[in-house]
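Student: Residue numbering for the sequence shown follows our numbering, starting at 3 and increasing by one per position.
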Amino acid sequence: MNECEKSRKVRRGRRAGTIRSRAAVALAVLCLFGAACSEDPSSGAPEREPAGGEAVVRLTIAPPRPSLPQMRAAEDLDEAESRVGTVRVLVFEQEGGRYLYRNMAEGEQVRFSGSATRFEVRLPGTPNPVKLALVCNYGDAFERYAPAAGSDEATVRERIGRSFSGLTGDLPMYGEIPLPSGLRADAENRFDVRLLRAVARVDVTKALDAGSRPFRIGEVYVYRPNDKIRIVPDDMGSAESPRVTAPSVFAGAQKSADPVKVTAAEPDPASVAGICLPESAAESDPAAQLSEATCIVVGGYYDGQERLSYYRIDFDPGIDGHPFGQVLRNYKYVFRIRKVLGEGWSDPDTAATSRATSIAVETEAWEDFTTEMYFEGDNYLGVSARSVSLGYVAGKMARVDVQASVPYSVRWLDASGVPTGGEASQTGEVLENGSFSVAIGRDAGAGETLSYLSFSALADNRTDRDVTARLRVTGGRWTFDIAVTQGNPSQFRTRIVRVLSVQEIGDLGTNTPTSASGLPMRRILDNAKNFSPGGTVVIGGFSFSEASRAEMQATGTGSAADKEIFRSMQATIGAQDVIYLTYNTPISNELAQVVLAWLRAAPGRVLIVGTDTDTSNAQLRQYLTSDGTWKYYYRNNLGGQFRRAARTDANARFFTMPFGTVAENAPVVRADDYAAYCSDYPSRVTPLVVSDVSGQGGTLIVGVNGTDRIVYLGDASLHQYNRLSSQANADGTVTTDFDRLMANLWAWIVERVCGAG
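Here it is, written out as structure tokens:
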């Protein structure tokens with residue numbers, strides 16, 4: 003059992019827990035593991051006086067604190083993930099505008115008290131600017147490398163690395179202290195320091211949806227981790243608030259030939275957690291993504307079987323700045339298994355070199371300590387982030403967690419930094435400033451010191467500039483500001499959205515649709531006034547491809563030729579942003595599972611499902627029964643046309659933005675004599691077009707499951723001339739209510755693909 007695993011069982015009580023932080027894109031997700039806390043050392047060991055010309059430096063390191071406070075109590079801190087057992091301090095002295103290595107010293111009297119690590123080190127005094135670099139739990143790093151005096155700082159930093167083979171012992175960490183006034187031998191030298199762990203952590207948890215088959219986790223593998231850990235990163239931001247945005251991989255590191263294996267400690271665990279691994283660089287080449295990228299393989303028992311099936315899970319959260327295969331230090335990657343849709347591979351090695359299929363996983367990266375925490379005696383106030391970034395679409399939200407032992411309040415500031423408007427201090431209170439809203443909330447079961455601030459954008463920002471504001475947090479003797487930014491769509495000017503449709507009625511084709519019924523919608527998408535770098539929806543454009551009905555029937559268990567087509571379709575599906583399964587797509591059961599796994603593997607993917615006849619996408623729809631049963635009607639059953647659904651909070655943007663307002667009850671003509679309706683859909687499916695028959699206003703023909711990113715289209719030819727306008731058919735100009743509705747729907751699709759919606 004490695005040290006990260008052991009840490010799940012080694013717990014120490016603490017007064018103050020920490021908090022969860024979510025990213026928004028920008029992920030937000032940048033995970034610091036260390037926080038500083040100023041307090042005097044308390045130890046039975048006497049403090050030694052320095053010798054002549056020698057400076058004694060006494061340092062305090064507060065322990066890294068866990069995330070997810072609503073799930074883990076404050077006393078559940080992980081001692082083994084926080085402990086500093088050994089530390090060396092390297093001194094870099096400024097000379098000629100550069101920092102050069104001078105010497106190092108071992109930390110003495112290292113004392114881990116349960117609330118902080120304290121130690122001291124003896125260093126030569128100097129009036130020149132210096133930087134103290136703390137290399138903690140360094141293992142064999144200095145057996146392999148002895149820095150030479152006078153070496154350039156960058157050279158020394160990149161060559162400090164320790165071996166990785168599953169990692170046992172305390173976790174390597176790094177921190178630094180810049181001292182622009184030098185290090186004086188005749189002065190008190192007490193400092194606090196914040197550390198970054200040099201490894202990432204992986205938790206695999208199980209939270210199966212109702213539609214999943216039964217599954218038990220048996221074992222977890224890490225394939226192709228680097229065999230060395232670089233302890234010192236290239237760039238850690240500031241010493242006061244260290245964090246990384248790119249991996250620092252040891253120059254001599256190789257991908258480990260043997261995977262790290264962790265066996266579940268119980269027959270049916272809820273999770274296998276605390277697996278540590280070094281940083282890894284991203285892989286952009288499709289072939290390398292299969293064969294070279296670091297990945298996770300989960301072995302489990304599918305649907306009550308007695309033999310293990312193996313499923314690949316990739317480091318691919320679909321968040322800007324976090325490309326495929328990248329693993330960052332200080333991140334805790336939580337892979338949450340939501341659905342298992344079929345048997346996996348028969349052995350882990352095959353799974354590790356094949357595309358992820360048959361398993362749906364949510365990926366989250368959690369920040370592991372309170373970014374800003376302030377202490378005074380027994381009181382404290384901390385927030386998980388001092389800045390918040392929201393997408394450009396109205397309703398985008400972000401969260402900042404708050405941990406406070408004192409009452410606090412929030413208030414917006416104007417452009418000059420002067421408080422404006424009201425003040426909120428109670429759970430449920432909401433403040434608006436014209437651009438943003440903020441609400442104070444508390445998770446169910448959270449301790450009284452744990453709450454959060456929920457930020458939301460009030461309107462679309464379709465300009466070429468960000469919208470900014472500041473929120474002031476005041477509690478006890480502390481006051482600090484949180485910067486709030488709503489992005490703009492200009493970042494997507496070069497983004498190409500890849501769309502695959504099937505050659506059938508309503509398809510979007512490649513250069514032109516195979517069927518004329520898809521032509522009006524295609525021309526709306528191709529019109530530069532609508533979707534382009536200078537269009538209503540800012541986007542680089544679309545790349546259209548199509549598959550034949552025969553290709554969509556391929557299986558992985560047929561003839562050699564059929565298997566080859568199946569593998570080709572797997573690769574094609576994996577490259578898409580949007581998949582449109584058009585009218586009467588006879589998809590095979592195996593490819594249906596591939597499509598669903600593709601959809602659930604990343605948040606920037608959207609599936610459009612045609613449901614015109616009883617055979618339309620039948621193999622796929624069997625896995626979507628929780629979204630309601632679709633029934634197929636002839637014209638005489640439910641009338642000759644449809645209309646816009648009643649407006650709700652869930653569908654309002656489809657009827658208003660960004661291509662304009664769709665009139666209430668706007669009529670839509672039926673395409674032909676047959677259509678599919680659904681009247682038993684759950685609340686997460688939002689109706690856009692419904693039956694025009696009296697009493698059937700809740701029977702949808704077009705709807706959206708925004709949570710799962712699925713669009714349901716119940717009449718295959720709705721795109722065609724006389725449904726969309728003749729102007730749309732001619733050149734893609736949006737003129738009618740239904741033009742606007744379909745253009746708004748595709749705007750939502752694009753924004754979901756880009757992470758803005």
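Where a beta carbon is used, it is the ideal one built from N, C-alpha and C, also for glycine.
Residue 480 bridges to which residues according to DSSP?
Tutor: 477
Student: If the criterion is Cβ atoms closer than 8 angstroms, does the pair residue 396 and residue 462 meet it?
Tutor: yes
Student: Just to confirm, are residue 458 and residue 438 a CB contact at a threshold of 8 angstroms?
Tutor: yes
Student: Determine, using beta carbons only, whether residue 336 and residue 274 come nearer to each other than 8 angstroms.
Tutor: no
Student: Taking just the CA atoms, how far does residue 282 sit from residue 665?
Tutor: 52 angstroms
Student: Give me the Cβ distance between residue 646 and residue 667, rounded to the nearest whole Å; I'm assuming they're in contact under 8 angstroms.
Tutor: 6 angstroms
Student: What are the partner residues of residue 632, as DSSP defines its beta bridges?
Tutor: 680
Student: With a threshold of 16 other CB atoms inside 10 Å of the CB of residue 531, please say whether the residue is buried or exposed.
Tutor: exposed
Student: In angstroms, rounded to a whole number, what distance separates the CA positions of residue 156 and residue 256?
Tutor: Taking the straight line joining both Cα atoms gives about 21 angstroms.
Student: Going by other Cβ atoms of all chains shown within 10 Å of its Cβ, with 16 needed for buried, is residue 307 buried or exposed?
Tutor: With fewer than 16 neighbouring CB atoms inside 10 Å of its own CB, residue 307 falls in the exposed class.
Student: Pick from 214, 151, 102 and 401: whose alpha carbon is nearest that of residue 131?
Tutor: Ranking 214, 151, 102 and 401 by Cα distance to residue 131 puts 102 first.
Student: Are there 16 or more other CB atoms within 10 angstroms of the CB of residue 671, so buried, or fewer, so exposed?
Tutor: exposed
Student: Below 6 angstroms CB to CB, which residues in the same chain sit around residue 739 once its five sequence neighbours on both sides are set aside?
Tutor: 664, 665 and 668
Student: Using the Cα positions of residue 521 and residue 743, report the straight-line distance between them to the nearest angstrom.
Tutor: Residue 521 and residue 743 have their alpha carbons spaced roughly 16 angstroms apart.
Student: Looking at the unbroken beta strand (DSSP E) that takes in residue 640, where does it start and where does it end?
Tutor: Run containing residue 640: none in the beta strand (DSSP E); it sits in the alpha helix (DSSP H), 637-640.
Student: Please classify residue 298: is it buried, with 16 or more other beta-carbons within 10 angstroms of its beta-carbon, or exposed?
Tutor: buried
Student: Assuming residue 439 is part of the beta strand (DSSP E), what are its boundary residues?
Tutor: 438-443
Student: Mind the definition here: the segment 616-636 touches the segment 701-715 only if three or more C-beta pairs lie below 8 angstroms; say whether that holds.
Tutor: yes
Student: So, helix, strand or coil for residue 745, using DSSP?
Tutor: helix
Student: Suppose contacts are defined by Cβ-Cβ distances below 8 angstroms. Is residue 410 in contact with residue 427 by that definition?
Tutor: yes
Student: DSSP beta-bridge partners for residue 361?
Tutor: 342
Student: Assuming the contact rule is C-beta atoms closer than 8 angstroms, residue 614 and residue 585 should be a hit. Round their C-beta distance to whole Å, please.
Tutor: 5 angstroms
Student: Would you mind sorting residue 498 into buried or exposed? The rule is 16 or more other CB atoms within 10 Å of its CB.
Tutor: exposed
Student: How many whole angstroms separate the CB atoms of residue 198 and residue 332, which I take to be in contact at a CB cut-off of 8 angstroms?
Tutor: 5 angstroms
Student: What runs of the beta strand (DSSP E), each 3 residues or longer, lie entirely inside the segment 158-224?
Tutor: 163-165, 175-181, 192-195 and 202-208
Student: When the Cα atoms are used, what is the spatial distance from residue 35 to residue 163?
Tutor: Bear in mind that the predicted position of residue 35 carries a pLDDT of just 33, short of 50, making it unreliable; the figure below should be weighed with that in mind. Near 19 angstroms, if we compare the C-alpha coordinates of residue 163 and residue 35.
Student: Looking at the secondary structure, which residues open and close the alpha helix (DSSP H) in which residue 731 lies?
Tutor: 728-733
Student: Looking at the structure shown, is residue 659 part of a helix, part of a strand, or coil, going by DSSP?
Tutor: Residue 659: coil per DSSP, three-state reduction.
Student: Smallest Cα separation from residue 659: which of 680, 751 and 698?
Tutor: 751
Student: Assuming residue 166 and residue 230 are in contact, meaning their beta carbons sit under 8 angstroms apart, how far apart are those beta carbons, in whole angstroms?
Tutor: 6 angstroms
Student: Leaving out the 5 sequence neighbours to the left and right, which residues in its chain are closer than 6 angstroms to residue 41 when beta-carbon positions are compared?
Tutor: Because residue 41 carries a pLDDT of 33, less than 50, the predicted location of this residue cannot be relied on, and the following value inherits that uncertainty. Taking residue 41 as the centre and dropping the five residues before and after it, the same chain places no C-beta closer than 6 angstroms to its C-beta.
Student: In chain order, which beta strand (DSSP E) runs of at least 3 residues are fully inside the segment 250-290?
Tutor: 262-265 and 273-279
Student: Return the residue from the list 178, 408 and 398 that minimises the CA-CA distance to residue 242.
Tutor: Measuring from the Cα of residue 242, the nearest candidate turns out to be 178.
Student: Check whether the Cβ atoms of residue 284 and residue 326 sit closer than 8 angstroms, and answer yes or no.
Tutor: Between residue 284 and residue 326, the C-beta gap is smaller than 8 angstroms, which places the two residues in contact.
Student: To which residues of the same chain is residue 632 closer than 6 angstroms at the C-beta, ignoring the five residues directly before and after it?
Tutor: 613, 678 and 680
Student: Over the uninterrupted alpha helix (DSSP H) stretch that includes residue 579, give me the two end residues.
Tutor: Run containing residue 579: none; DSSP gives neither H nor E here.
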